[in-house]
Amino acid sequence: MRRGRRLAATLLAVAFALPIAGAGPGAGAASGAGPDVSIARLTDAATTTQSITTDTLDPPTALAATGGLTAALAWTATVDTYATGYNVARATVSGGPYSVVSTVSPRTIVATTDAPTASGTYYYVLQSYFQSWTSANSNQTSAVVTLAQTATGFKSCT
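Quick note on my numbering: the sequence shown kicks off at 63 and runs consecutively.
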């Protein structure tokens, strides 16, 4: 049992770089205390400085919309040529919250349409994306969508 406690204490000391009682010069097998144990804590005082350039993914600009039976959206492409495409996000309240309703790719496509299932005013923003990386929102635009009314109240003539 004593050996087990000593082993546990040694493992804790190694994990936290603490001195070990009975370890070191003169505490070896010749003195009957067990094998010699040497522990060293190595540190490196050298410093390496690197320059890292960070970039953000720019959103598309000049987003505009026209309404009707659908919302027609058009914009100017993002300047980031590595962007894959765009997330089209829609809200029913100015300022959001927005939900992504579609994606458009490649990034050179600069127009799309959205077909909401109900009449109303819809607010749109776009985000550029590349893999799992997305840009900030573009400017917000809005469109009034008015769906064609379906005839109701007809009676069967049979």
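Glycine residues also receive a C-beta, built at the ideal position from the N, C-alpha and C atoms.
Distance CB(residue i)-CB(residue j) smaller than 8 Å
i      : j      : result
Tyr186 : Ala151 : yes
Ala205 : Leu131 : no
Pro122 : Asn199 : no
Thr166 : Gly147 : What sits at residue 166 in the sequence shown is Val, not Thr. Taking 8 Å as the Cβ cut-off, Val166 and Gly147 qualify as a contacting pair.
Ala127 : Ala134 : yes
Thr154 : Gly129 : no
Thr203 : Leu119 : no
Residue i to residue j span [Cα, whole Å]
i      : j      : result
Gln112 : Thr196 : 26 Å
Val172 : Cys219 : 50 Å
Thr116 : Thr110 : 19 Å
Tyr160 : Val207 : 17 Å
Asn201 : Gln189 : 10 Å
Gln193 : Thr214 : 47 Å
Thr174 : Ile114 : 37 Å
Ala108 : Thr170 : 47 Å
Thr143 : Pro168 : 10 Å
Ser156 : Asp106 : 55 Å
Thr212 : Gly158 : 30 Å
Tyr184 : Asn149 : 16 Å
Assigned secondary structure, residue i (DSSP; H/G/I helix, E/B strand, else coil)
i      : result
Asp106 : coil
Arg152 : strand
Gln112 : coil
Ser161 : strand
Ser197 : coil
Ser181 : coil
Tyr186 : strand
Ser167 : coil
Gly90  : Because Gly90 carries a pLDDT of 48, less than 50, the predicted location of this residue cannot be relied on, and no value is offered for it.
Gly147 : strand
Thr212 : coil
Tyr176 : According to the sequence shown, residue 176 is Asp rather than Tyr. It is a strand residue.
Gly129 : coil
Phe134 : In the sequence as displayed, the identity of residue 134 is Ala instead of Phe. Correct three-state label for Ala134: strand.
Ala205 : strand
Ala124 : strand
Within the chosen definition, does the stretch 137-147 reach the stretch 175-183 through at least 3 CB pairs nearer than 8 Å? no
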